[in-house]
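Enquirer: In the working numbering, the protein residues as written are 6 to 222. Ideal placement from N, C-alpha and C gives every residue a C-beta, glycine not left out. Okay, handing you the structure first.
Quick look at the structure:
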C-alpha cells in the first residue's frame, strides 16, 4: 500500500495529471493541494474516483440548508464516530454531516483526520467540527494548529458547556478510550446546543483569535 503525501502534490506542475497506482491512499492535505493546483488524479484504468474515494475522502450526508457538522476519527475513534453519526442522523437532530473518515479500523494517523475536520471549520465550510481519537488530546492539539479553530477536548457535560459558553469552541474532540458511548452522546448533544455566552468571554476569545493572526504566516 502506498500513501500519497502533500509534498508530492506541491512538486507537481499546476494543471498537470498524476497517475495513481492501485491501493494508493491520498491524504487529506494532498487532496486539498491537488485541488488548489488543479491536478487531476488518474489511475491505470483512467478512473481516479475508484482510488481517491478512500477512507481519507469526506462523505456528505446533506439535509437541506441545515448547519454543517464535519466529523472525523482515527482507527481508535472509528466505532464511536459511527455511533455519533447514527445519532446525528436521527430525527432528533437537523444537521448536514460531512464524514471526513476514517471509514474502517485499519491503523491511520490522527493528525490527518483532525486536520481534515479543522480546515473545513476554519474555511467556513462547516459550522462545527467533531473529532474522535483514543484520548482526544492529539486531535485537539492538531486542530488548534489551524488558524480560526478553537478546539476543546471535553470529557463530561460540564466541560462541554464551559467550552461553548466561555471559549466559543468550534471543534470538539473526544477520547474514545476514556469515555463510554452514552457519555459521548450526551457531551455532543450538550455541546451542539450550548450557545456562546458573549460579554466578558467575547473579549477573552478575541485575544485568542488575535494570537492566531499574530503568528499566521
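1) Using three-state DSSP, classify residue 160 as helix, strand or coil.
2) In or out: residue 52 buried (at least 16 other Cβ within 10 Å) or exposed?
3) Please return the same chain residues whose Cβ sits closer than 6 Å to the Cβ of residue 202, not counting the five positions on each side in sequence.
4) Considering only the alpha carbon of each residue, which of 109, 110, 137 and 90 lies closest to residue 101?
5) Grab the span of the alpha helix (DSSP H) containing residue 210 for me, first residue to last.
6) Relative to the alpha-carbon of residue 221, which residue among 135, 149, 175 and 157 has its alpha-carbon at the smallest distance?
7) Between which two residues does the alpha helix (DSSP H) holding residue 140 run?
8) Inspect the beta-carbon positions of residue 85 and residue 137 and report whether they are closer than 7 Å.
9) Would a C-beta distance cut-off of 7 Å place residue 164 and residue 119 closer than the cut-off?
10) Compare the C-alpha of residue 130 against each of 76, 96 and 94 and name the closest.
11) Can you give the beta carbon distance from residue 141 to residue 179, rounded, assuming they're within the 8 Å contact cut?
12) Which residues does DSSP pair with residue 77 in a beta bridge?
13) How far does the alpha helix (DSSP H) with residue 44 in it reach, from first residue to last?
14) Assuming the contact rule is C-beta atoms closer than 8 Å, residue 103 and residue 73 should be a hit. Round their C-beta distance to whole Å, please.
15) Taking the alpha carbon of residue 159 as the reference point, which residue from 126, 133, 186 and 193 has its own alpha carbon closest?
Expert: With the structure as the only source:
1) In the structure shown, residue 160 adopts coil according to DSSP, grouped into three states.
2) Low confidence applies here, because residue 52 scores a pLDDT of 40, under 50, leaving its location unreliable and the question unanswered by this model.
3) Once the five neighbours on either side are set aside, the close Cβ partners of residue 202 are 170.
4) Its Cα nearest to that of residue 101, the residue 90 stands out among 109, 110, 137 and 90.
5) Unbroken alpha helix (DSSP H) run through residue 210: 205 to 220.
6) Shortest Cα-Cα distance from residue 221 to any of 135, 149, 175 and 157 involves 149.
7) Counting along the chain, residue 140 falls outside any alpha helix (DSSP H), and DSSP gives it neither H nor E.
8) Yes, the Cβ-Cβ distance between residue 85 and residue 137 is below 7 Å.
9) Their beta carbons are not under 7 Å apart, which means residue 164 does not touch residue 119 by this criterion.
10) Residue 76 is the option with its Cα nearest to residue 130.
11) Yes, they are in contact, since the Cβ atoms of residue 141 and residue 179 sit about 5 Å apart, within 8 Å.
12) Partner(s): 136.
13) From DSSP, residue 44 is part of no alpha helix (DSSP H); its letter is neither H nor E.
14) Confirmed, about 6 Å.
15) In terms of Cα proximity to residue 159, the closest of 126, 133, 186 and 193 is 193.
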